[in-house]
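Protein sequence lines correspond, in order, to chains A and B.
Following my numbering, the numbering of the first sequence begins with 20 at its first residue and continues without gaps.
Following my numbering, the numbering of the second sequence begins with 12 at its first residue and continues without gaps.
Working notes for the structure below.
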Amino acid sequence: MPIVKLVSEYFGNEEARNLKWRLEHGGYEGARKMFREMEPSKVTEEVILSNLRGLGGAGFPAGRKWSFVPQNTDKPKYLTVNADEAEPGTFKDRYILEWDPHRLIEGIIICCYAVGIHTAYIYIRGEYVRPFERMQGAIDEAYEAGILGEKTLGQDFKLDIFVHRGAGAYICGEETGLLESLEGKKGWPRLKPPFPALVGAFGCPTVINNVETISHLPNIMMKGGQWFADLGCERNGGSRLFALSGCVKNPGVYELPLGTPLRELIYEHGGGILGDRKLKGIIPGGTSAAVLSADEVDIPMEFESLARAKSMLGSGAVIVLDETVCMVKALHNIENFFAHESCGQCTPCREGTMWVYRILSRIVDGAGTPSDLETLKALAENMSGTSICALCEGAAMPLRSFLEKYPEEFEYYVTHKRSMVEDLQKDSVLV
Amino acid sequence: MSTTFEFTSDNQKIFQTILKKYPKKRAAMLPTLHLAQHQQGYISPDVEEYVAELLEVPVVDVHEVITFYSLFSQKPMGKHHIRVCNSLACWIRGCDQVKEYLREKLGVEDGEISEDGDFSWESVPDCLGACEMAPMLQVDGYFEGNLTRDKIDEVIERKKRK
Chain A
20 MPIVKLVSEY FGNEEARNLK WRLEHGGYEG ARKMFREMEP SKVTEEVILS
70 NLRGLGGAGF PAGRKWSFVP QNTDKPKYLT VNADEAEPGT FKDRYILEWD
120 PHRLIEGIII CCYAVGIHTA YIYIRGEYVR PFERMQGAID EAYEAGILGE
170 KTLGQDFKLD IFVHRGAGAY ICGEETGLLE SLEGKKGWPR LKPPFPALVG
220 AFGCPTVINN VETISHLPNI MMKGGQWFAD LGCERNGGSR LFALSGCVKN
270 PGVYELPLGT PLRELIYEHG GGILGDRKLK GIIPGGTSAA VLSADEVDIP
320 MEFESLARAK SMLGSGAVIV LDETVCMVKA LHNIENFFAH ESCGQCTPCR
370 EGTMWVYRIL SRIVDGAGTP SDLETLKALA ENMSGTSICA LCEGAAMPLR
420 SFLEKYPEEF EYYVTHKRSM VEDLQKDSVL V
Chain B
12 MSTTFEFTSD NQKIFQTILK KYPKKRAAML PTLHLAQHQQ GYISPDVEEY
62 VAELLEVPVV DVHEVITFYS LFSQKPMGKH HIRVCNSLAC WIRGCDQVKE
112 YLREKLGVED GEISEDGDFS WESVPDCLGA CEMAPMLQVD GYFEGNLTRD
162 KIDEVIERKK RK
């Protein structure tokens, strides 16, 4: 399938983040058209028609999410844009923030007009210093040009956008953890219901959408919801940014139609495996997603197909593992992350992620036993569906799938006290 | 020894603009702590007390926040602080060797400050969000990727000159 450029059109273009240049290249035209031609309810209808799904990981239909926000309320409403991308392997939103911040601002204007919101926060992860600076610079420019503020794009519509920096916590990408963090607290996720659409930031109705989701709105306003729906596949409108990394020749961000097979992403756009080695596994949606084996490489990348393969499209982060990667050590690396990032609120997650990491550490150190593998399998079951948010499930998915798909590597490791594959570091660029 | 912390007059002005962004004072917590850490280099107990007073919350609430988030440091760091990404893509592409080389070059362990005070480094389990340039690190917040020994040498020399 061909590369499409709906939100990635200006990636790598040094001029595109400057307002003057961007205005000469279609900037804010979608929002202007919307103000000219559409009532707020019509905007939401178009977005529902477009089949735009939440592109942060959960895939919830964006227009429907907006429709849950009450129309008549005395409370202020908020938009929080989730730019806390921290799922291992994910770096696509960074490209939008760094290269095309005005597209995001325009998308925010569209969403806020549709839902009747006058204050938006962009929650950017604390590690993203340059993206923060570029985003803030673009917002400052937009205020100076009268695009934001009392009269958004000259219309009788007030809108303020603030950038809020996180401070290093994966859990704050979970939408209610994000809200707690925005309110100045530690990022402990909230029980749902109530959902943020009713009780969100500061106790008020709140829309939370990912950067990429919001960035599709200008095109949808320009060309219509049906056009966007037709570009995708069933129930998945438009395109998707895929962040490709690991053992590939050309890692990077590729915008492709939903439904593109993994094989095409890896071998055509990604240039194939490093050193033309053999493919061993693919993580298709960030490390919370179940690993796919090499013979699953023809699965199309869209929400439903990956769900049928008991994995998920997640954040669109594709990490490629080749034959030199030790799957035991790879899982150990993944579970170290989850043990570190568990917020500590729910016992099965706090204890479970730590146990998994400790047992895997013991195995990697050559002190594991065959019974450790049984304990790990039991932990994967006990951690599933037992916590407030999806982090615990995100730790259980790779655990279960690595053990199921590469049992011989785990059994070899606990029997021989060493890895079955060559030390992967032999191919490091540093040597 | 540290005296009682207070924002500089410039930072007091910035703090006032931060407050205007939120309907509730407490929401200014993270930006206020970022500002304080930028001024002093780390969050000492007197910073916690100062911020608690500014935001009208108990000191323990500030302490809870700084210990929850990994970017707030309770101890001084080097003039330039390096964070090495350990996430899966960086590990595949050799982050262990990056750490080994930093240890050798700076002469200090993870979490320590070099003798001249110029550098400190730490290994972080989080994904820093730049897997396309693995192995990578951030120094003073900015990303440096596709690391080799030469690239690390170049980054450190460049920072030293500043």
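C-beta: ideal position from N, C-alpha, C; glycine also.
Quantities reported herein were computed from a predicted structural model and do not represent experimental measurements.
Q: Run the CB neighbour count on Glu274(A), radius 10 Å, all protein chains shown included, and call it buried at 16 or more, exposed below.
A: buried
Check your understanding: Quick one: what does DSSP say Gln149(B) is sitting in, helix, strand or coil?
Key -> strand
**Report entry** One or two residues paired with Arg184(A) in a DSSP bridge
**Finding:** Ile143(A)
From which residue to which residue does the alpha helix (DSSP H) around Pro150(A) run?
-> Val148 to Glu163
So what does Gln155(B) bridge to, in DSSP terms? Position check: residue 155(B) holds Glu in this sequence, whereas Gln was assumed. DSSP output for Glu155(B) lists Leu148(B) as bridge partner(s).
Practice item. Work out the CA separation of Phe30(A) and Asn101(A) for me, nearest whole Å. Key: 20 Å
Taking any Cβ of chain A, which residues in the stretch 28-42 of chain B have a Cβ under 7 Å from it, in chain order? Lys32, Pro34, Lys35, Arg37, Ala38, Ala39, Met40, Leu41 and Pro42
Review point. Which value, in whole angstroms, describes the spacing of the CA atoms of Cys266(A) and Ala358(A)?
Key: 25 Å
*Ser447(A) (DSSP reduced to helix, strand or coil)*: At Ser447(A), the pLDDT of 48 sits below 50, so the modelled position is not reliable and the matter cannot be decided from this model.
Taking Cβ-Cβ distances shorter than 7 Å, what residues in chain A pair up with Ser98(B)? Pro107 and Phe356
### Task
Show which residues of chain A have a CB atom less than 9 Å away from the CB atom of Tyr80(B).
Gly145, Gly185, Ala186, Gly187, Ala188, Cys191, Ser200, Lys205 and Gly206
> Going along chain B, which residues have a C-beta under 8 Å from Cys266(A)?
Replying inline: Ile103
inquiry  = Since Thr405(A) and Ile353(A) should fall inside the 8 Å C-beta cutoff, what is the C-beta to C-beta distance between them, to a whole number of angstroms?
reply    = About 19 Å; that fails the 8 Å criterion.
task: State yes or no: is the beta carbon of Asn352(A) nearer than 8 Å to at least one beta carbon in chain B?
output: yes
(message) 8 Å is my cut-off, CB to CB: does Leu65(B) come that close to chain A?
(response) no
For this session: Going by CA-CA distance only, name the one from Gly244(A), Ser334(A) and Met346(A) that's closest to Ala313(A).
Result: Met346(A)
Chain-ordered chain B contacts of Glu360(A) [CB-CB under 8 Å]: Pro136 and Asp137
| query | How would you list, in chain order, the residues of chain B whose beta-carbon sits under 7 Å from the beta-carbon of Thr306(A)? | reply | Leu99
Check: By Cβ distance, which residues of its chain are closer than 6 Å to Ala414(A), with the 5 residues on each side in sequence left out?
Finding: Phe357 and Thr372
| Do the stretch 232-240 of chain A and the stretch 66-85 of chain A meet, that is, are 3 or more Cβ pairs less than 8 Å apart? | yes
Exercise. Three or more C-beta pairs closer than 8 Å, one from the stretch 92-110 of chain B and one from the stretch 162-176 of chain A: is that the case here?
Worked result: no
Just to make sure I have the definition right: I need the residues of chain A whose C-beta is within less than 9 Å of the C-beta of His45(B). Which are they? Gly145, Arg184 and Ala186
If distances are taken between C-alpha atoms only, which option among Thr63(A), Thr225(A), Arg122(A) and Asn91(A) comes closest to Asn238(A)? Arg122(A)
Exercise. Please decide whether Gly76(A) counts as near chain B, where near means a Cβ-Cβ distance under 8 Å.
Key: no
*In the structure shown, what three-state DSSP assignment does Val68(B) receive?*
coil
### Message
Any beta carbon of chain A sitting closer than 8 Å to that of Val70(B)?
### Response
no
Practice task
Identify the contact partners of Tyr153(B) in chain A, using a Cβ-Cβ distance below 7 Å as the criterion.
Solution key: Val148 and Arg149
### Message
By the DSSP assignment, the alpha helix (DSSP H) with Gly371(A) in it spans what residues?
### Response
Thr366 to Val383
Cα-Cα separation, Ile190(A) to Pro208(A)
8 Å
Determine the closest residue to Asp249(A) out of Met57(A), Leu68(A) and Met240(A), with distance taken between C-alpha atoms. Leu68(A)
Quiz item: So, does the CB of Gly140(B) fall closer than 8 Å to a CB anywhere in chain C?
Solution: Chain labels in this structure do not include chain C; the protein chains are A and B.
Where do the N-terminal and C-terminal ends of the beta strand (DSSP E) with Ala102(A) fall, by residue?
-> Tyr97 to Ala102
Determine, using beta carbons only, whether Phe83(B) comes closer than 8 Å to chain A.
-> yes
Exercise for review: Check the Cβ of Glu75(B) against every Cβ in chain A and list those closer than 7 Å, keeping chain order.
Suggested key: Lys205
_Measuring alpha carbon to alpha carbon, tell me which residue in Asn401(A), Gly300(A) and Leu236(A) is nearest Arg51(A)._
Leu236(A)
Check: Cβ of Val70(B) within 8 Å of Cβ of Ser134(B)?
Finding: no
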